[in-house]
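Please read the structure below before turning to the comments.
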Amino acid sequence: MDDNSTTSAPGATPISSTTSPGKDTSVFNISWGGSNDKPPLELHREEITLSAIPTKPLPKPRGVRRLPEPEPGEDGSLDEDTLKRRKNTHAARKSRLKKLLHIEHLENQIKELQSENAQLVLNNALLESEKKSMAAREQEYKKRIQYLEEVVRMSCHGVGGNTS
């Protein structure tokens, strides 16, 4: 895979990052197998999301040994073992890419949840502060009500005591 290409989904063919959105892709090309062959973006726009495109560079291939290209048989087909090996190699590569994308998705989700958690902790602290402030104000109002009730009681007793 080229350094400047990314994939839209695990196992998908490369999509060049230099594709211009204004390019006419109305012709439907089924092959999509060549090095510069790309599917029309209009057909797959919903599949190409930021979470499906890895933001980190893909790991380098590990322990890849190049076997000699198998010779086709007399009828022009490859033997069954070679086909199985190719399918297995492709499936393993696809699985590793899918795993990497899943791990990256989980890491992004962790970052989002940590950010949301920090915001909620901040909001909780703010609400707790307001709660304490309102509780203090409530105590002040209760004391003031008691004082005013006492003043009213004293003035009623004083006024009522003088007239009798």
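Residue 168, in this note's numbering, is where the sequence shown stops; the numbers in between run on with no holes.
Heads up, the beta-carbon is just placed ideally off N, CA and C, and yes, glycines get one too.
If you're wondering where the values come from, they're calculated on a predicted model, not measured in any experiment.
In the three-state reduction of the DSSP assignment, residue 81 falls in the coil class.
Within the same chain, no Cβ atom closer than 7 Å to the Cβ of residue 138 is found once the five residues on either side in sequence are excluded. At a Cβ-Cβ threshold of 8 Å, residue 132 and residue 59 do not count as neighbours. If you draw a straight line from the Cα of residue 152 to the Cα of residue 129, it is about 35 Å long. Secondary structure of residue 86 (DSSP, three-state): helix. Between the alpha carbons of residue 110 and residue 149 lies a distance of about 57 Å.
104 is the residue among 141, 104, 83, 99 whose C-alpha sits nearest the C-alpha of residue 61.
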